[in-house]
Amino acid sequence: MTLISKEKFSKAAGLSKIPIPGLSSYLMKVMKINNLNTMVKEAGNLEGEAFANYALTTIGVKVQFTAADLLNIPAEGAFIVIANHPYGGIESLALLSTIAKVRPDTMYMGNFLLKEIPNLAKCIIAVNPFENVQNSASITGLKMTLKALEDGIPVAIFPAGEVSSYNFKTSEITDQEWHPVVGKIICKANVPILPVYFHGNNGIFFSMLKSIHPMLQTSKLISELFNKQGHELKMTIGKTISLAGARGKGFDTLLLKDLRSKLYALKNQSYN
């Protein structure tokens, strides 16, 4: 099965209205979409953690973390994983591969495109809470997220909902402001929070593309996934954070800011 066909790509990119022969095929090659199609095809029936491990090996990325960090992952019960999103692709695979070593039952909140990858379909809760939360499919996904947590199943979330970009105020590459919907989910679920920090990023050129046009950055996501041969992706898994204290109006917003600060504080933690 071809994950992204030439016809599907042409329609999604609006190329069908541009009368240039071979344009779709050329762009699919340049953007490494063909590489993605080949990887998914050759992965066969591998699912979840097995697929993530296969993909990381195929891409040529080695994930690094300490043995002590793994001990921070709760062996039982529900919790919410929150992570920064500096690359847009490899950290998603790394998160699945790593968390599953302790909790293979973990579900991952992702967009509808991830759900299209058959090898990941069983562990993805498809939802776009960062765009239109009134969308019926998104509402269903949010309900599924809360139901999973109620049933003791961990759920992993990238609260920014999009890849990190260059912040001109701080001169750093960081997540955009985390979406308030995530804060509401966290407050309603009231389960421990497991912060995971991914070190590094795709570089300043990629990160500044969004300031020119968001589609420029989006179009490079797949090619960035396949240019990481030999890359060592370092991740730090913090200790779980328990929710406590008074609740009131605006609590979810303040909580989200606090959790973001605590996650980014892991950047300065010594890495051995």
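Letter 224 of the sequence shown, counting from 1, is numbered 213 in the working numbering, and no numbers are missing.
Here a beta-carbon is modelled for each residue, glycine too, at the ideal position from N, C-alpha and C.
One or two residues paired with residue i in a DSSP bridge
i: I182; result: I69, I230
i: Y43; result: Y43 pairs with nothing; no bridge assigned.
i: Y97; result: I113, A145
i: I128; result: DSSP output for I128 lists no bridge partner at all.
i: K223; result: Q53
i: F195; result: Looking at the DSSP assignment, F195 forms no beta bridge with any residue, so it has no partner.
Extent of the continuous beta strand (DSSP E) to which residue i belongs
i: S154; result: 154 to 156
i: I162; result: 161 to 163
Per-residue burial, residue i [other beta carbons within 10 Å of its own, 16 or more giving buried]
i: F68; result: buried
i: P93; result: exposed
i: F275; result: The requested residue 275 does not occur in the structure, where the chain is confined to residues -10 to 261.
i: P118; result: Residue placement at P118 is poorly supported in this model, since its pLDDT is 47, which falls under 50; the coordinates still yield a value, given next. Flag for P118 reads buried.
i: N261; result: Confidence at N261 is low in this model, with a pLDDT of 49, below 50, so the placement of that residue is unreliable and no value is reported for it.
i: N257; result: exposed
i: A149; result: buried
i: L131; result: buried
i: N262; result: Limits of the chain in this structure are -10 at one end and 261 at the other, which puts residue 262 out of reach.
i: E31; result: exposed
i: A254; result: exposed
i: E221; result: exposed
i: D58; result: buried
i: I201; result: exposed
i: E139; result: exposed
i: K228; result: exposed
i: E80; result: buried
i: V116; result: buried
i: E213; result: buried
Residue i versus the options, residue with shortest Cα-Cα distance
i: D38; options: T87, E80, L60, P63; result: In the sequence under discussion, the amino acid at residue 38 is Glu, which differs from the Asp named in the question. For the residues T87, E80, L60, P63, the minimum Cα distance to E38 belongs to T87.
i: Q218; options: T27, L45, K18; result: L45
i: F54; options: K223, W167, Y155; result: K223
i: L(-8); options: I22, G11, L135; result: I22
i: A64; options: P181, S154, G77, L103; result: P181
i: S160; options: I142, G192, S250, P169; result: G192
i: E36; options: C112, L60, E(-4); result: C112
i: F147; options: I162, N156, A89, W167; result: W167
i: A233; options: T47, L244, N61, L103; result: L244
i: I226; options: V185, K136, D164, V152; result: V185
i: S154; options: T207, V29, V50; result: T207
i: G78; options: L248, K104, L210; result: L210
Residue span of the alpha helix (DSSP H) that contains residue i, given as start and end
i: T27; result: 22 to 32
i: R249; result: 240 to 254
i: I211; result: 210 to 214
i: I88; result: 79 to 88
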